[in-house]
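To convert a position in the sequence shown, counted from 1, into this note's numbering, add 29. This report refers to the structure that appears directly beneath it.
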Amino acid sequence: MPYNNRGGAYMRMDRLQDALADFNKAIELDPEYADAWMNRGGVYYMMGQSDKAITELDRAAELNGANPQIYFNRALAHEDLGHIVDAILDYSRVIDLVPGATAAMVSRAYLCRQLAVQDCEGVLEADPEGPHAEAAGALLQQIKPAEDGE
30 MPYNNRGGAY MRMDRLQDAL ADFNKAIELD PEYADAWMNR GGVYYMMGQS DKAITELDRA
90 AELNGANPQI YFNRALAHED LGHIVDAILD YSRVIDLVPG ATAAMVSRAY LCRQLAVQDC
150 EGVLEADPEG PHAEAAGALL QQIKPAEDGE
């Protein structure tokens, strides 16, 4: 699809408005063209509009659920918005589709660690003397990096 290809070139040149116009035209001509939806989502992400990116990438995934790049891009957008669990799920989908996808693996591991820290801190805040506080504290010491000067 010529508009999608040219939009991709514009995207690589950081001409995001031109890229967006071409992806819009590609979708207008073929609303079932998953790559154009994915690329338009990428432009929105690059423009700092992660919420719009997710909407576009949701549609791309509906049209072509076998494309791991869709899920990787959507994971980045979810991560940008602080949707840690959704990002983890999308990175997991990438790994399911492409075993050995190391970028997705390390990104998922980082987010799982971040979520574990939040959970342990939540236990200690909610019930510092409760039955799970000791385990949460011990786990937190293992997974949370030491603060400067400690």
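Note that beta-carbon positions come from the ideal geometry of N, C-alpha and C, so glycine has one too.
CB of residue i within 8 Å of CB of residue j, strictly
i      : j      : result
ALA116 : LEU86  : no
MET67  : ILE99  : yes
ALA145 : ILE172 : yes
Spatially closest choice to residue i from the options, by CA coordinates
i      : options                          : result
ILE83  : ALA162, ASN34 and HIS112         : HIS112
ALA138 : SER121, ALA38, ASP125 and CYS149 : SER121
GLY71  : ASN53, ASP156 and GLU150         : ASN53
PRO97  : VAL123, VAL135 and ALA89         : VAL123
GLN143 : VAL152, GLU163 and VAL114        : VAL114
With 16 other Cβ atoms within 10 Å as the buried cut-off, status of residue i
i      : result
ARG69  : buried
ASP119 : buried
ARG41  : exposed
GLY36  : buried
VAL135 : exposed
ALA90  : buried
Other residues of its chain near residue i: CB distance less than 7 Å, five sequence neighbours each side excluded
i      : result
TYR73  : LYS81, ALA82 and GLU85
CYS92  : In the sequence on display, residue 92 carries Leu and not Cys. If we look at LEU92 and ignore the five residues flanking it on each side, its Cβ neighbours are GLU61, ALA63 and TRP66.
HIS79  : Looking at the sequence provided, one finds Ser at residue 79 rather than His. Correct list, in chain order: ALA106, ASP109 and LEU110.
CYS149 : ALA165, LEU168 and LEU169
VAL152 : HIS161, ALA162 and ALA165
Straight-line Cα distance separating residue j from residue i
i      : j      : result
GLU133 : ASP47  : As written in the sequence, residue 133 is Ala, which differs from the Glu given in the question. Those two C-alpha atoms are separated by around 30 Å.
ASP64  : VAL127 : 18 Å
PRO160 : ILE56  : 55 Å
GLN147 : GLY129 : 27 Å
GLN170 : ALA104 : 28 Å
ALA50  : PHE101 : 23 Å
ASP125 : ARG88  : 20 Å
GLU158 : PRO174 : 23 Å
Interface flag, residue i vs chain B, CB-CB below 8 Å
i     : result
GLU91 : Absent from the structure is chain B; it holds one protein chain and no more.
Residues near residue i by beta carbon distance below 8 Å, same chain, minus five either side
i     : result
ASN33 : ASP51, PHE52, ALA55, TYR62, ASP64, ALA65 and ASN68
LEU58 : MET30 and TYR32
ALA95 : LEU126
TYR39 : LEU45, ASP47, ALA48 and ASP51
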